Structure formats: C-alpha cells, structure tokens
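Notes for the one structure printed next.
Chains as they are written, first to last, in the numbering used here: chain W, 1 to 399; chain F, 1001 to 1221.
Written out as structure tokens, the structure is:
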C-alpha cells in the first residue's frame, strides 16, 4: 500500500560535519515575532515592578567566581560556565542566576541606602545544563529583591507583585505553591537523625512517598506523615498543618507559612493557592517561606522565590525576600498580541506622512526603489495598505 | 472545570495485567477497545468523564508523565530509578509488579570471580544509569552495552560477561546458565504524578491518589 502524499525519505544523513547553522545544545535564535513579544513582556513586567518602587539594577554578565558564587550552594556552582580573565589571570563565571548579583549590589554598593531596599532586574543567564523540562541553557530572568525586610508582609508583597505582573501579561490559571524549606532540616536536627537516614527520608519526601518516609524516619514518622498530609489546596492543608503538634523551635516557621497563606487568600483570592510544607528541592538556601509559581496546563515553573540571607554568609547578611520569573516558561502561557498593521510607503513619500501614520499606530515600511512595482512589493512585504495619492488605500486580500 | 481531560498512562505488557484489577476496584472501566489486542488505538476513554487512558511502553510512562503529557501513570520503580525525573512524584507503592533488579553472570564465572579486584566491567543492560551508579559506588567503572531485550544471550555469546536486568523468578537466568550474584534494588510498581499537575489540579489529583491508596491498603489487608 502506498501513500502518494508522503514524499520519499531523503538520503540518510551523512556523518559529515554539522551544518553551519547548528547551534550548541540548549542555545537558540529568537525570531520575529517571538523576540519582540518576549521583549515587550519583559518591559511590561519591569514597569509593574517600577510602579511599586522597585528600582532597576543591571549587573554585568560575567564576574569573578568568588563574588558570583560567594553565598550560593554548590548546585549553582555546578551550573556555572567559567572562563579565565586574561587581564587579571583570575577565574570568572558567567552568571547562572541574577539573585546573587543583586544581593551583592544591595549589600555592598547600596549598603548605605535606607532599608527596606527594593531592586528589580532583567537579564539573560547561562547554565551548564538545562533542566529536564527546559533544555535551554540561556534564558531571561526577570525579578525583584526586597532587601532588609524579614516579615510576612514583605513575603506577601513580593508574591503579589509577581502574580499581578503575570496576570497583567494575560497568564491564566495561576497558582502559588507555598513551602517552608527550612522546616524538615530543622526537624532532622531537633531529632538528631543520622546523616544517612536523613538522605533516605529526604528522597522519600521528594517523591511524596508517605509510606517510605514513615518507614525510614523513626521518631519523626508521625510528624512527617502529618506534614505530607497537610499538602494541597491551602484552606484544607492549613487546617491540618495548624493541628499538628510541632516542636516549639519550628513553630515560627509554621506561623509564617500560615500568615503568608492567609494574607494571599485575602489579597489575591482569584489565584489558586496550595501548600506543601515539605517541598525542599531548589530551596536549599532559603530561610523562611518559599514559593513556586505555576499556571494550569503550562509545563514547569513560571518562577520561584522566597526569603533568604542576602550578602556574605558571616557578618552583615540581611534578611531578604525575592522572586525570579523565567521568561522561557512564561512566554508560551502569554497570549500572543495581534500582529500590527503594516502600511507601505512607496519611495518618495514625504517623511511627514510616515510620521503621522506611525502616530496613528501603523507600522510603516518605506519603499527604497522608485522603479519597483509598488503593489507587488507591498504584498510581498506583508503590508495591509499602501499610501497612494494622498490616501491610505487598503490592499485587497490575496485569493 | 478544566477542558483538558486527566490522562492516566499505563505500561504495556506484564504490569498491565496486574494493574487492571486495581483499576476495576477503583471503578475505572476503559472502553471496550482497550481489551482488544487488535485495536490500533493508543488513547482510550473510560467510564469516567474527563479521565482518559493511554497505553505506552513501560519506560515511556515516566517520560509522558514527567513532561506533563499525562498527569498520572503507573511505572516500575526500576524505570523511575533509571530516569530520576525531578518533575515526578511517586506517592504510592502499588505493591504489584514485584521483582528485583540484579547483576547476573554465567555460573562458570562465579567461582573464579574476584569482585574486589575489578576496575572496569562491561555490562549489557536496559538500565545504563542504574548500572553505572551501582558499580561507581563500588569504585568500578561500568561500560554499559545498551540492549532492549534478550539480555540473557549476551554473556553466552561473548558480548559481555555480566548483565543487569529485572529478575522475578530467576527461571530465565537459570535456563541460560546465569546466576544472580548481586541484588541492586527491589522493584515494584508506583503510582506517579506530574509535579505541575499536582500543584495546579490539586483537588482532582489528590482525590485519585487517595482512591488508589485506599484500594492498595485494602488489598494488603
């Protein structure tokens, strides 16, 4: 049986060197209209942040390794491209994340500015490997950091800002997942669980396997089972969470989580809110409430953030809260804007005509060749209208 | 109400026979085509509106769920170990499809073998990641030859000396003159859930996980 519409297979690819257009794994060209769309989304997000008092900073793409990775865990260090600075002969890193850079700026050059300090940023980061869901190694981050404020209201402000930015772009079905990543390690410490056992319990918790976690956790079994059950939609999970008999030392963490959740339910009731007190992946350096942003039917995280210590590990570290949005994950969830209408201005059209057409919202495409066939060129360049005889004339739809 | 149905990914073959009674007890009945081997369909409706079933290869169940193409799935812990997808939760051991993943070698080799002297072994397996990690933890570099079936042939025909494969009764090993020399892990089938889906469709998915858990507890009791 043959199918006439299927073309024959091409000759098998040779093992010759790759085509010159091949880019390295995880790197890509953004083309029209996608590149324009992303830039517009970044601008819209930054404008929203600026309206709430977050001032833009722009750190460099590359820094010395020590400052770039100073207060980061090793998972960030493993994601960093390094290169030798031929001038200073020191090792430099290409930023894998911008939070650390902004925290460095806040606690050094802007250390004298009054607190709380609100900073915003946008830029590309580069990572050694993409994740399973987002294979890109270069992508754009947009975010804010609220430096020198360790409070529930600071956490809530940052989460609300991010949510309002995203819904402003038209992202539908937003949900926030709240966690307190420090809770489980604190419980491990309080119950003096041996290191090997911690690893096994952590692995079970990461899989949300309640039976396996309980079997490994010894004296913590009941508490961890309770915490796993207190996972899911916020109202029900909060009730379970508050009913748990937690040790005094970790009660402030639970209280913060409950307070942030209650405030969000009140301030952004249209957004789905879930609680997951045992989520720990990617929150290794967070000290308080952490959060992840999702949207229905969008693969992966749109952003994440939480409370952390900004600046050097010892000394003048400052409690801070921030959020980072990942543009590569967000863009597919943003409805594409309608394409702008293009007006063809044949060569020789007075400059003022173009100015006033653009003021009316047209995109103008100037003709360069006075001898060309105007209609064909305008059609070929995807214009909807032509300026002719002092008027804007709509082109007929092509059959 | 979400316009997108929930998709449950099930593995073809051995495990499917054990999963179907579990689904029956939960009250999920796939359309009649599902039971017909002659059907070419890959996607099936069920008696529950908004719940579909897909039937894919066991290794692909984890991939479909990790990437959010299916929200729920049933996958062996061997597959989960091999891929180690961070976007999956496996909240429930269904207690079916029990076997283990083991190292096996020809009976003749066992007596002469001195594992403490190995620095490098060549192993035929469907599980290169598990195999490399297992041997690396013992200071041995494993060169994996990826095969997709009939692994027991590899040592007999000289492709390699050892294999890493699933063992349930050991009958296939014995029939090919192989002996299980080390057990890497016990294997059973897990209910798996996509991470994003569990966060964004928490109510629906938590309800399904609870129903699977109930039935599993009832079976164990």
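Positions of the beta carbon are idealized from the N, C-alpha and C atoms, including for glycine.
Being a predicted model, the structure only gives us computed values, none of them experimental.
Query	Result
Tell me the DSSP bridge mates of residue 202 of chain W?	BP columns for residue 202 of chain W are empty, so no partner.
Compare the C-beta of residue 1199 of chain F with all C-beta atoms of chain W and state if any pair is closer than 9 Å.	yes
Alpha carbon to alpha carbon, how far is residue 1173 of chain F from residue 1187 of chain F?	17 Å
If we count the other Cβ atoms within 10 Å of its Cβ and call it buried at 16 or more, is residue 6 of chain W buried or exposed?	exposed
Please report the residue range of the beta strand (DSSP E) in which residue 1105 of chain F lies.	1099–1106
Please list the partners that residue 1091 of chain F has in chain W, where partner means a Cβ-to-Cβ separation under 8 Å.	207, 208, 209, 210
Hey, quick one: how far does the alpha helix (DSSP H) through residue 99 of chain W stretch, first residue to last?	99–107
Locate the beta strand (DSSP E) running through residue 341 of chain W, then write down its first and last residues.	Element bounds for residue 341 of chain W: n/a, residue is neither H nor E.
Under 8 Å by Cβ, that's how I've got residue 157 of chain W and residue 146 of chain W pegged, so tell me the actual separation to the nearest angstrom.	7 Å
Return the chain-ordered ranges of every alpha helix (DSSP H) run that is complete within the stretch 108–190 of chain W and spans a minimum of 4 residues.	152–169, 183–190
Helix, strand or coil: how does DSSP classify residue 1015 of chain F here?	helix
Would you kindly work out how many angstroms separate the C-alpha atoms of residue 386 of chain W and residue 34 of chain W, rounded to a whole number?	26 Å
Does the beta carbon of residue 324 of chain W come closer than 9 Å to any beta carbon on chain F?	no
Taking C-beta to C-beta, are residue 1153 of chain F and residue 1074 of chain F nearer than 9 Å?	no
Are there 16 or more other CB atoms within 10 angstroms of the CB of residue 327 of chain W, so buried, or fewer, so exposed?	buried
In terms of residue numbering, what span does the beta strand (DSSP E) encompassing residue 1142 of chain F cover?	1141–1146
Could you pull the start and end residues of the beta strand (DSSP E) that residue 309 of chain W belongs to?	303–310
Are the C-beta of residue 1004 of chain F and some C-beta of chain B separated by less than 9 Å?	Within the model displayed, chain B is absent; protein chains W and F are what it includes.
Helix, strand or coil: which one does DSSP assign to residue 1189 of chain F?	strand
List the residues of chain W whose Cβ lies closer than 8 Å to the Cβ of residue 1131 of chain F, in chain order.	Those within 8 Å of residue 1131 of chain F in chain W number zero; the least Cβ separation is about 19 Å.
For residue 1228 of chain F and residue 1019 of chain F, which I take to be in contact (beta-carbon distance under 8 Å), what is that distance rounded to the nearest angstrom?	This structure cannot settle anything about residue 1228 of chain F, because the visible part of chain F is limited to 1001 through 1221.
Taking the alpha-carbon of residue 234 of chain W as reference, which of W/244, W/223, W/254, W/258 has the nearest alpha-carbon?	W/258
Give me whichever residues DSSP pairs with residue 81 of chain W in a beta bridge.	W/94
I'd like the list of long-range same chain contacts for residue 1090 of chain F, defined as Cβ closer than 8 Å, with 5 residues on each side in sequence excluded.	1075, 1077, 1080, 1190, 1191, 1192, 1193
Could you tell me which residues DSSP puts in a beta bridge with residue 1052 of chain F?	F/1007, F/1045
If we count Cβ pairs, one from each stretch, closer than 8 Å, do we get three or more for the stretch 1194–1209 of chain F versus the stretch 1103–1123 of chain F?	no
Considering only residues of the same chain and omitting the five flanking positions on each side of residue 168 of chain W, which have a CB-CB separation below 7 Å?	44, 48
Could you work out which residue in F/1155, F/1094, F/1132, F/1128 is closest to residue 1220 of chain F when comparing CA atoms only?	F/1094
Count Cβ pairs between the stretch 347–356 of chain W and the stretch 321–337 of chain W that sit closer than 8 Å; are there 3 or more?	no
Between residue 1042 of chain F and residue 1028 of chain F, is the Cβ-Cβ spacing less than 9 Å?	no
By the three-class DSSP mapping on this structure, what secondary structure does residue 1128 of chain F have?	helix
Which residues in chain W have a C-beta closer than 9 Å to the C-beta of residue 1064 of chain F? List them in chain order.	The contacting residues do not exist; residue 1064 of chain F stays about 12 Å from chain W at best.
Using three-state DSSP, classify residue 2 of chain W as helix, strand or coil.	Annotation note: pLDDT 48 at residue 2 of chain W (below 50); position unreliable, coordinate value reported separately. Note: residue 2 of chain W maps to coil in three-state DSSP.
With distances taken between CB atoms, is the gap from residue 357 of chain W to residue 368 of chain W smaller than 9 Å?	no
Report the three-state DSSP secondary structure of residue 210 of chain W (helix, strand or coil).	helix
Would you say residue 139 of chain W faces chain F, with C-beta separation under 9 Å as the test?	no
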